[in-house]
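Worksheet: one structure, shown below.
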Amino acid sequence: MNAQDLRDKSPDQLREELASLKKEAFNLRFQQATGALENTARMRIVRRDVARVKTVLNQKAAEAAAN
Numbered sequence: 001m002n003a004q005d006l007r008d009k010s011p012d013q014l015r016e017e018l019a020s021l022k023k024e025a026f027n028l029r030f031q032q033a034t035g036a037l038e039n040t041a042r043m044r045i046v047r048r049d050v051a052r053v054k055t056v057l058n059q060k061a062a063e064a065a066a067n
């Protein structure tokens with residue numbers, strides 16, 4: 001997922017995306033703790049996607065506050 005795709009979404013859609021990414025991150029951490037995680041790089045990708053979504057949400061909030 002890239003930032004441009006996220007900017008095209010509404011804040012509600014971004015919050016849904018953030019919730020699903022956080023759920024996935026939790027599941028990946030659980031798999032890692034139990035030794036069942038096969039693709040360890042996925043954790044890093046999900047963490048960065050969470051950061052991207054949060055950044056775009058903050059940008060949209062600042063934009064709305066400025067107007």
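Residue numbers for the sequence shown follow our numbering, beginning at 1 and rising by one.
Quick reminder that beta carbons are idealized off the backbone N, C-alpha and C, glycines included.
In this structure, the beta-carbon distance from ALA3 to ARG52 falls below 7 Å. For THR55, the enclosing alpha helix (DSSP H) covers residues 41 to 66.
Apart from the 5 residues on each side of it in sequence, GLU24 sits with its Cβ closer than 8 Å to the Cβ of VAL46 in its chain, given in chain order.
Less than 7 Å separates the beta-carbon of VAL56 from that of LEU6. Taking 7 Å as the cut-off, the Cβ atoms of VAL50 and LEU14 do not count as close.
Here ASN2 carries a coil assignment [DSSP, helix/strand/coil]. Per DSSP, ALA33 is one residue of the alpha helix (DSSP H) stretching across 11 to 34.
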